[in-house]
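Inspection log for the structure reproduced underneath, given as structure tokens.
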Amino acid sequence: MRRFFSSALALSLVLSLTACFGPPVDPDTVQESIQVIAMDTPMVISTYGRRSTGAAYASEDLIRDLEARLSRTEEDSAVSRLNRGETVEPDEDLNTLLRLAACFRERTGGAFNIGIAPLVSAWGFTTDHNQVPDRSEIDRLLKVVDETAPQISPEGVSLEPGQSIDLGGIAKGYAADKLADLFREYEIPRAMAQLGGNVLAWGDRPDGSPWRVGVQDPARPGEQNAFAGILNLKNAFAVTSGGYQRYFEQDGKRYHHIIDPATGYPAESGLTSVTVVADCVSDDGMGTLCDAFSTALFIMGEEKALDFWREWQGVSPSLFDLVLITGDGRVVVTQGLAESFTLDEGSGYTLEIVS
Ligand code: AMP
Ligand code: MG
């Protein structure tokens with residue numbers, strides 16, 4: 055009996071000591087998680103490691119700073135001044151984005167075009183007053199959009215009267231690229247950053263398994279955890295564009311925010327969402343590329359999007375991969391994601407792997 059008491063005493067001593075000092079903590083599993091509403095989007099950033107708290111709050115500062123300079127709804131931003139007709143001396147971020155946007159416009163045959171701003175405004179997507187514009191207004195603005203090309207001179211960058219730019223199709227991807235740089239600087243071993251449809255799955259999960267990134271079922275937009283499937287990803291960007299993300303209804307018809315620069319109307323390509331996935335470690339700028347391409351490929355439609363992917367496979371194999379969801383109930387996944395994508399069996403979609 056005495057022995058029982060002495061071992062019970064020893065055990066309780068050990069337990070109380072562990073309670074005081076805690077078991078040894080693996081610094082890589084220390085976690086911070088913050089929620090931010092910025093760029094008109096609810097965001098969640100979870101960081102791990104010794105410097106997780108510093109990195110999480112620095113991430114918020116970074117995103118807010120980019121928004122203040124790049125948003126066209128922030129009156130004092132460089133983009134707003136440019137859109138008001140001023141000549142603006144671009145900082146490094148704006149300079150990079152303008153250069154990349156011009157490059158993506160060319161590469162996507164004009165589907166991605168930041169000059170789309172006047173049309174996005176005419177449809178009311180920068181305000182709460184959505185409306186279907188007159189056909190004549192759309193025709194007039196199509197010309198403006200087509201001619202928009204920011205002019206760069208020694209004095210700065212400028213636009214012609216009536217022209218304006220909208221970085222909404224690329225800014226969150228750019229922010230995700232900057233977050234990857236920040237995580238590297240803070241030596242963050244793993245993190246999950248969800249900037250709306252732009253996901254950065256940094257490293258792996260604390261148990262060494264891949265991050266699980268749900269691909270929203272576009273047919274059930276408001277529902278949480280209503281996925282068409284799950285992507286299992288380590289060190290990757292996954293960027294989704296879809297008509298379900300922002301839209302309004304008029305006379306029983308739905309109009310969404312991704313405008314086809316060829317028609318001036320919301321794209322009707324037969325796709326309901328496009329997810330572009332790329333490695334976030336081996337090449338720079340892939341978050342921005344995924345963002346621009348997801349917008350553009352949504353406009354292009356299935357056939358052109360797959361041709362586009364195959365062309366890139368010829369130039370730079372495995373640079374990015376795609377998950378396309380079609381209006382007729384298919385999920386089309388390119389070869390590089392065959393092992394990473396799991397269809398949600400209850401979703402009703404059929405899966406096609408293409409090469
Ligand atoms: P995303 O969600 O990345 O596909 O971007 C959609 C946003 O990009 C819209 O809300 C607009 O601000 C902007 N946008 C719409 N159409 C286009 C387009 N054809 N090219 C570039 N940006 C666009
Ligand atoms: Mg985009």
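Residue numbers (this note's numbering): 55 to 409. We put the CB at the ideal spot given by N, CA and C, even for glycine.
{"Query": "Rounded to a whole number of angstroms, what is the C-alpha to C-alpha distance between L124 and G381?", "Result": "33 Å"}
{"Query": "Is the beta carbon of R308 less than 9 Å from the beta carbon of Y301?", "Result": "yes"}
{"Query": "Whose C-alpha, out of F352, V186 and G283, is nearest the C-alpha of G297?", "Result": "F352"}
{"Query": "Restricting to Cα atoms, I'd like to know which of G223, E143 and G324 is closest to A156.", "Result": "G223"}
{"Query": "Classify H311: buried if its beta carbon has 16 or more other beta carbons within 10 angstroms, exposed otherwise.", "Result": "buried"}
{"Query": "Between the stretch 159 to 178 and the stretch 246 to 263, do three or more beta carbon pairs fall short of 8 Å?", "Result": "no"}
{"Query": "Among L196, Q304, L343 and E191, which has the Cα closest to the Cα of W366?", "Result": "L343"}
{"Query": "Taking 8 Å as the line, does the beta carbon of I224 fall inside it for any heavy atom of the ligand MG?", "Result": "yes"}
{"Query": "Applying the criterion that 16 or more other CB atoms from any shown protein chain within 10 Å of the CB defines a buried residue, is N167 buried or exposed?", "Result": "buried"}
{"Query": "Just to confirm, are V269 and T329 a CB contact at a threshold of 9 Å?", "Result": "yes"}
{"Query": "DSSP three-state label for L405, please.", "Result": "strand"}
{"Query": "Quick one: residues in its chain with C-beta nearer than 6 Å to the C-beta of T202, no 5 flanking neighbours on either side, listed in chain order?", "Result": "G169 and Q217"}
{"Query": "In angstroms, rounded to a whole number, what distance separates the CA positions of G411 and L233?", "Result": "Since the first residue shown for the chain is 55 and the last is 409, residue 411 is missing from the structure and cannot be characterised."}
{"Query": "In chain order, what are the residue ranges of uninterrupted alpha helix (DSSP H) at least 4 long that sit wholly in the stretch 254 to 291?", "Result": "none"}
{"Query": "Using 9 Å as the threshold, is the C-beta distance between L152 and I206 below it?", "Result": "yes"}
{"Query": "Do you know whose CA, among L249, S372 and G178, lies nearest I192's CA?", "Result": "G178"}
{"Query": "Would you decide whether T294 is buried or exposed? Buried here means 16 or more other CB atoms lie within 10 Å of its CB.", "Result": "buried"}
{"Query": "If we count the other Cβ atoms within 10 Å of its Cβ and call it buried at 16 or more, is I91 buried or exposed?", "Result": "exposed"}
{"Query": "Which residue's Cα is closest to the Cα of T396: N137, L116 and F281?", "Result": "F281"}
{"Query": "Do three or more CB pairs link the stretch 129 to 141 to the stretch 271 to 281 at distances below 8 Å?", "Result": "no"}
{"Query": "What I want to know is whether the C-beta of T349 ends up closer than 8 Å to one or more non-hydrogen atoms of the ligand MG.", "Result": "yes"}
{"Query": "Give me the DSSP bridge partner(s) of T342.", "Result": "Per DSSP, none; premise fails for T342."}
{"Query": "So for S113, helix, strand or coil by DSSP?", "Result": "helix"}
{"Query": "Using a 10 Å radius around the Cβ and a threshold of 16 neighbouring Cβ atoms, would you call D345 buried or exposed?", "Result": "buried"}
{"Query": "Run the proximity test for D345: is its beta-carbon closer than 8 Å to any non-hydrogen atom belonging to the ligand MG?", "Result": "yes"}
{"Query": "Taking the alpha carbon of K288 as the reference point, which residue from A321, P315, E143 and V331 has its own alpha carbon closest?", "Result": "V331"}
{"Query": "Using the DSSP secondary-structure output, state which residues sit across from G210 in a beta bridge.", "Result": "S207"}
{"Query": "Determine the direct distance from the alpha carbon of S100 to that of E121, and round the result to whole angstroms.", "Result": "20 Å"}
{"Query": "May I have a chain-ordered list of the alpha helix (DSSP H) segments no shorter than 4 residues that lie completely inside the stretch 170 to 251?", "Result": "171 to 176, 189 to 201 and 225 to 239"}
{"Query": "Can you tell me which of the three DSSP states I88 falls into?", "Result": "strand"}
{"Query": "Please tell me whether, using a cut-off of 8 Å, the distance from the CB of V198 to the nearest non-hydrogen atom of the ligand AMP is below it.", "Result": "no"}
{"Query": "Taking C-alpha atoms, which residue in P243, T326, P144 and V386 lies nearest to V211?", "Result": "P144"}
{"Query": "Can you give me the Cβ contacts of V199 inside the same chain, cut-off strictly under 7 Å, excluding the 5 residues immediately before and after it?", "Result": "N167, G169, I170, P172, L173 and P315"}
{"Query": "How would you call D271, buried or exposed, if buried means at least 16 neighbouring beta carbons within 10 angstroms?", "Result": "buried"}
{"Query": "Which residue from V369, D188, D375 and P215 puts its Cα closest to that of A292?", "Result": "D375"}
{"Query": "Look at the alpha carbon of H183 and the alpha carbon of L213, and state the distance between them as a whole number of angstroms.", "Result": "26 Å"}
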